[in-house]
Amino acid sequence: MEIEKLVRKNILQMKAYSSARDEFTKSAQEMLFMDANENPFDSGYNRYPDPYALNLKAKISEVKQIPQENILLGNGSDEVLDLLFRLFCEPYKDEVIITPPTYGMYQVLAELNAIELKKANLNVDFQLPTESILKAVTSATKMIFICSPNNPSGNLMSVQSIKKILTSFAGIVVIDEAYIDFSDRSTFTNELNFYPNLVIIQTFSKAWGHAGIRLGMCFAQESIIQLMNKIKPPYNINQLTQEKALAVLENHSTYKNQIQMLVSERELLANKLTQINWVAKVFPSDANFLLVQVDDANLRYQQLIDFGVVVRNRTHEVNCKNCLRISIGTPDENLYLMDIIKRLK
Ligand SMILES: Cc1ncc(COP(=O)(O)O)c(C=O)c1O
Numbered sequence: 038m039e040i041e042k043l044v045r046k047n048i049l050q051m052k053a054y055s056s057a058r059d060e061f062t063k064s065a066q067e068m069l070f071m072d073a074n075e076n077p078f079d080s081g082y083n084r085y086p087d088p089y090a091l092n093l094k095a096k097i098s099e100v101k102q103i104p105q106e107n108i109l110l111g112n113g114s115d116e117v118l119d120l121l122f123r124l125f126c127e128p129y130k131d132e133v134i135i136t137p138p139t140y141g142m143y144q145v146l147a148e149l150n151a152i153e154l155k156k157a158n159l160n161v162d163f164q165l166p167t168e169s170i171l172k173a174v175t176s177a178t179k180m181i182f183i184c185s186p187n188n189p190s191g192n193l194m195s196v197q198s199i200k201k202i203l204t205s206f207a208g209i210v211v212i213d214e215a216y217i218d219f220s221d222r223s224t225f226t227n228e229l230n231f232y233p234n235l236v237i238i239q240t241f242s243k244a245w246g247h248a249g250i251r252l253g254m255c256f257a258q259e260s261i262i263q264l265m266n267k268i269k270p271p272y273n274i275n276q277l278t279q280e281k282a283l284a285v286l287e288n289h290s291t292y293k294n295q296i297q298m299l300v301s302e303r304e305l306l307a308n309k310l311t312q313i314n315w316v317a318k319v320f321p322s323d324a325n326f327l328l329v330q331v332d333d334a335n336l337r338y339q340q341l342i343d344f345g346v347v348v349r350n351r352t353h354e355v356n357c358k359n360c361l362r363i364s365i366g367t368p369d370e371n372l373y374l375m376d377i378i379k380r381l382k
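My numbering numbers the first residue of the sequence shown as 38 and each following residue consecutively.
Shown next, in the form of structure tokens:
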């Protein structure tokens, strides 16, 4: 597959921003920096950060067993998603396909970038409607977004369906694995060598516990990563984030333990919720939240707010009538939630 054929022409033709520091060859310690109009007095943060976050990428590469050349970092996965739109989709001309109910930013970014959005709704069991997706493809379709585990339904998508789409579609297939660490399924990053059109997104905001530092990861073949590097804001990962993320990765075991606890809390909470008489269904989840169908989502949402608990009302999403999405809290928070829920009439 020739990736260049999918890329916007202006991006292939444009010259990337280059700072003088991109051109120096000696190590940073040996240089006197008088090129970037920074304040020279050392505050620990007076210099611009490494534009490619190479130390951080080296650590991510080691932890995830993915070569550095296949990694791009973004200011949250939302920036990664935006870069993908801008790299591949020509405004007012190209199309993307999403599978509602799914993460809302795909639609927001399509609208922001003036890209036609085609929807192939997930089946009632929230699985991919593979044939409808492939039927919706036209010569203008550049990307298909698959969220697995899916937000808000919480389920993993069938591997067989994903592979069928990867092999049948001649554009980019983006698999958003924001919640993959909460599932037993192995990541699609293991498949990068087999599918040149595969782009995977992960994040520090969920299992890695650092939504506040805004760090998203993109894994793809090297030519895609190079083009994304060309168009990303030069210093998109700030110094504080680079340092904090390195510390987080060094502390791997803390997050492994938290994930285990959240997964067991998820199962416990699901069990308890099914015993509530106004709960109609708790959908199986491979993520750190539960989609729960109740008798009246608007009423239950408001009652929980009155007790100071904020959940997400998803009742207007496709196939989510009267559904609330509840994030798994700490064991104490979950006990508190159940305490309130048991009292609601
Ligand atoms: C499926 C999915 N992708 C991406 C994101 C955004 O991640 P980030 O915080 O890295 O921008 C979210 C956040 O809720 C999400 O649910």
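Note that CB positions come from ideal geometry on N, CA and C, so glycine has one too.
Option in the options with minimal Cα separation from residue i
i	options	result
L154	D131, M71 and G253	D131
I296	A244, L159, P137 and N74	A244
S301	K358, A248, G366 and V331	G366
V329	I135, E214 and N188	N188
I262	Q239, M51, D72 and Q105	Q105
A53	A317, K101, I202 and P270	P270
Q339	L361, N325, L327 and D323	L361
L91	Q102, F78, L110 and V100	L110
P321	V347, F219, I170 and Y232	F219
S114	C126, N350, R251 and L69	R251
E168	A157, T175 and T178	A157
K94	L306, E287, I377 and N192	E287
V196	K179, I48, T224 and N325	T224
T204	F163, I152, R123 and I181	I181
E99	R351, K281, H289 and L306	H289
E41	V145, L193 and N234	N234
D343	L381, E39 and N371	L381
P368	I97, S80, R303 and K358	R303
Per DSSP, the bridge partner or partners of residue i
i	result
L328	R362
Q239	M254
G111	G253
E153	E132
D213	C184 and I238
Check: residue i C-beta below 7 Å from any heavy atom of ligand 1
i	result
C360	no
S290	no
S260	no
C184	yes
S114	yes
Y373	no
G253	yes
A334	no
T240	yes
A215	yes
N188	yes
Y140	yes
A173	no
A248	yes
DSSP state of residue i mapped onto helix, strand, coil
i	result
L341	helix
K130	coil
K318	strand
T367	coil
K179	strand
V355	coil
R349	strand
R84	coil
Y272	coil
N160	coil
E75	coil
L192	In the sequence under discussion, the amino acid at residue 192 is Asn, which differs from the Leu named in the question. Looking at N192 - three-state DSSP - the assignment turns out to be coil, as it is neither helix nor strand.
R303	helix
H247	coil
F219	helix
N92	helix
E39	coil
C-beta atoms of residue i and residue j nearer than 8 Å
i	j	result
E214	I199	no
N150	A257	no
A354	P137	The question names Ala, yet the displayed sequence has Glu at residue 354. Cβ distance < 8 Å, so E354 and P137 count as in contact.
M254	L120	no
L374	V346	yes
L171	I202	yes
M142	L165	no
L124	V44	yes
Y129	C184	no
Y216	N74	no
F231	S190	no
Q312	P86	no
V319	A307	yes
Q144	I135	yes
Within-8 Å CB hit, residue i to chain C
i	result
A73	Within the model displayed, chain C is absent; a lone protein chain is all it includes.
Near ligand 2: residue i beta-carbon under 7 Å from a heavy atom
i	result
K101	Absence of ligand 2 is noted for the structure shown, with ligand 1 being the only ligands found.
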